[in-house]
Structures are given as C-alpha cells and as structure tokens.
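To start, the structure under review is shown below, and the notes come after it.
Residue numbers (the working numbering), protein chains in the order written: chain P, 1 to 273; chain B, 274 to 381.
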C-alpha cells in the first residue's frame, strides 16, 4: 500500500480517537463518513474497517475506566449477551443486503447520533435503589459516596440491546449513542455508569462484528492496521485532552456536523454524489 | 479489597493494546503482511482475552453466577470460530453451568 495512504489512515484513526475521547463516542461516526465518502468503500467494507478501529480505540480508553471501576464489568457482561447476538445477526445482514439500504440505515444512525449530541437539555432518568440481589450493583456517585442501583425493565431492555448490536454491526458505529439511552432511560442505570459501561461494551460488540466480517472476507487487513494504530494513539490523546477541555458547546456543533454528513450519505445512497 | 475483575481486565486490555500497536507498527515498517496480521489479531482478540481473564478473576472471587454469564458470552463467540454443532454444545454447557450457579446462589 502507498505510504501516504497508510499515514492518512493513521491520522484518521488519531482524529477519531481524539474526537471519540472528547465527545464520548466510539470513533465510528468519524471513520465511516471518511471511509465511505473519501475512500469510496462499500458500506459493509467501511463498517468492517471502522469496527476494527473501534476495538483498537476502546482498548486505550476503556482499560482506564475498567481498572478504576467506573465501567461496571458485570453489568456490561450481562447486557453484552444480547448485544453480541445482535452483532452476529447484523454482520450477516450487512454482507447480504444491498449497499444502498445499508447506507440509508447508516445515515439514519448518524442523524440520530447528531440529534442526541445537539440537544440542549438531555433527559436522564433517576436510578432505583438496589436491594442486594444479582441485578443490584454498586457505584460511586458524583460526591464519591458508595451507592447502589437495581436494573429495571429488563424485558424491554434486552431486545433493545439485541437491536443495538444489529445496528452497530451493520453500520460500523460503536452503538454507544443507542446503548446509553437504553441503559439510563429504560434500565434506570445512573448516567455516569451507563456511559462508562457502554464504552466497555462497545469494544466487545465491535470485536464480534469485526471477526464476522473478517471471516466473510470483507475486511481489508492493511486499511484496518493503519486505522488501528491511529485509534490507539488517538484514544490516549483524547483521554488527556478531555481532562483540560470543556466540550459541551463543541458537542452541539459536532452534532450539527453529523446531520450534514448523514445528508451527504443519503445523497451517496441515491447515487447523486 | 480491590476488585480483581476490574484490575485484571483493565490491565489485560492495556497490554494487548500496547503489544498489538507495536506489532502492527513493526509490520508496517517492515512491509510484512504476516506481522501486520499478527498485530491485528492481537488487537481484535483483546476483548476476548479480556473476557477470559474476567472469567478467571470471577472464579477466583467465587462469583460463580457472573462467571457463568461470562462463559455464555464466550460460548457465543464460538459460533464464529468453530462448527455450529460444537458451538451449540459449548453454549448449552455454559447455560447449564449458569443455571446451576444461580440455583446455588438462591439457596444461600
């Protein structure tokens, strides 16, 4: 491969890792538009490369959140059973579905992510106090006090996790923008725990789908390698930048940008660009 | 007492990230597809290795229900890696272990 392309992929990985760390995203919303619109990949190939980048990026940032206990590993494991099932289904669908329809789904997910990011007053749900059972978990609140919460509405939430896995796998986007609202609004998981645990879950879901794409012969190894390097570096940089930067306003503008990108991808799906 | 699950899993992911990135970089510099592939496998398989370490940590801490959940999750991955018949057996055995662990937990 041309060294310039390798450098370009590494820089793309760094950009996605940095923006992912700042805005709390998995990086897929940066990878996918570039891979589809600039590198002109089909949606399933772009998804495969993006998912490898997400796995790589998540290793850098999530390892810190897991080690410190911010990400609830047990909760993540429980919900990942549904998400992994969805990821397996989604990868099969994406390789069989026409590129146009996958691009339409991708545009819808980007628009939804943009909407979530650009909202001024994001609705959050209060948690329910834990009762010491298996579905009760401990966490530290904003004041550092040890508190508990109990999962709610598992009957609705679990199929939603399967759906999140399908969409994540099909589009190559980590799925945090879908999983965090499910965890907070449906299961009543505290927002702080939901966002940290989601970043842990995203890596496992992305790995499942990436392996499925690789087995299907859709994953270009050299592109995935370049993106991986950049994503790992970017996630470490992003974690450092986040400590010094207040990204609330930037988040809203990035959300507007995602709307625009979703629109361009719809045009691509229609063969106009 | 620190939670071994969090510490061991976090460190496994970190080590895989460093090793994977180093090997991929070496492969790109040496223009060797085999080395690049090795590095990519290290990166992509890191969450799976993390799950294996998590399983070990849960077993050490005697959290057998959560170990059963982890086993079911690992069993689902086997659908991608081995014949579906063997996967079905692995998943079925994992579910049985999970049910036994849960029944034991309820009796305590």
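Just so it is clear, CB atoms sit at the ideal spot from N, CA and C, and this is done for glycine as well.
None of the values given here were measured: they were computed from a predicted structure.
Exercise. Buried or exposed: which applies to residue 268 (chain P), given that a residue is buried once 16 or more other Cβ atoms fall within 10 Å of its Cβ?
Worked result: buried
Exercise. Looking at the structure shown, is residue 137 (chain P) part of a helix, part of a strand, or coil, going by DSSP?
Worked result: strand
Exercise. Excluding sequence positions up to five away, which residues of its chain have a Cβ less than 7 Å from the Cβ of residue 274 (chain B)?
Worked result: With a pLDDT of 47 at residue 274 (chain B), under the threshold of 50, the predicted position of this residue should be treated as unreliable, though the coordinate-derived value follows. Hits under 7 Å: none found.
Exercise. What are the partner residues of residue 150 (chain P), as DSSP defines its beta bridges?
Worked result: P:136
Exercise. So, is residue 117 (chain P) buried or exposed, given that buried needs 16 or more other C-beta atoms within 10 angstroms?
Worked result: buried
For this session: Kindly say whether residue 350 (chain B), judged by its beta-carbon, lies nearer than 9 Å to any beta-carbon of chain P.
Result: yes
Problem set entry | Minimum Cβ-Cβ distance from residue 274 (chain B) to chain P less than 9 Å | Confidence at residue 274 (chain B) is low in this model, with a pLDDT of 47, below 50, so the placement of that residue should be treated as unreliable; the coordinate-derived value is given next. No, residue 274 (chain B) lies away from the interface with chain P (no Cβ there is under 9 Å from its Cβ).
For this session: Assign residue 238 (chain B) to buried or exposed, taking buried as 16 or more other Cβ atoms, counted over all protein chains shown, within 10 Å of its Cβ.
Result: Since the first residue shown for chain B is 274 and the last is 381, residue 238 (chain B) is missing from the structure and cannot be characterised.
Exercise. For residue 85 (chain P), which option in P:164, P:53, P:236, P:65 has the closest C-alpha, if you only look at C-alpha atoms?
Worked result: Here the closest residue by C-alpha is P:164.
Exercise. Around the C-beta of residue 358 (chain B), are 16 or more other C-beta atoms found within 10 angstroms, so that it is buried, or is it exposed?
Worked result: With fewer than 16 other Cβ atoms inside 10 Å of its own Cβ, residue 358 (chain B) counts as exposed.
Exercise. In chain P, which residues lie with their C-beta within 8 Å of the C-beta of residue 290 (chain B)?
Worked result: 56, 59, 60, 63, 232
For this session: Less than 8 Å between the CB atoms is what I'm expecting for residue 25 (chain P) and residue 19 (chain P), so what's the real figure, rounded?
Result: 7 Å
Exercise. Count the other CB atoms within 10 Å of the CB of residue 381 (chain B); is the residue buried (16 or more) or exposed (fewer)?
Worked result: exposed
Problem set entry | Start-to-end residues for the alpha helix (DSSP H) that takes in residue 331 (chain B) | 319-333
For this session: Say whether chain P places a C-beta atom closer than 9 Å to the C-beta of residue 373 (chain B).
Result: no
Exercise. Looking only at its own chain, which residues have a Cβ that is under 8 Å from the Cβ of residue 327 (chain B), when we skip the five neighbours before and after it?
Worked result: 278, 281, 282, 343
Exercise. Can residue 67 (chain P) and residue 206 (chain P) be called in contact, C-beta distance under 9 Å?
Worked result: Going by C-beta atoms, residue 67 (chain P) is not nearer than 9 Å to residue 206 (chain P).
Exercise. Would you call residue 96 (chain P) buried or exposed, if buried means 16 or more other Cβ atoms sit within 10 Å of its Cβ?
Worked result: exposed
For this session: From the DSSP output, in three-state form, read off residue 220 (chain P) for me.
Result: coil
For this session: Using a Cβ-Cβ cut-off of less than 7 Å, list which residues of the stretch 317-330 of chain B approach chain P; keep chain order.
Result: For the stretch 317-330 of chain B, the residues whose beta carbon sits under 7 Å from a beta carbon of chain P are, in order, 317, 319, 320, 321, 327.
For this session: Measure the CB-CB distance between residue 94 (chain P) and residue 170 (chain P) and report whether it falls below 9 Å.
Result: yes
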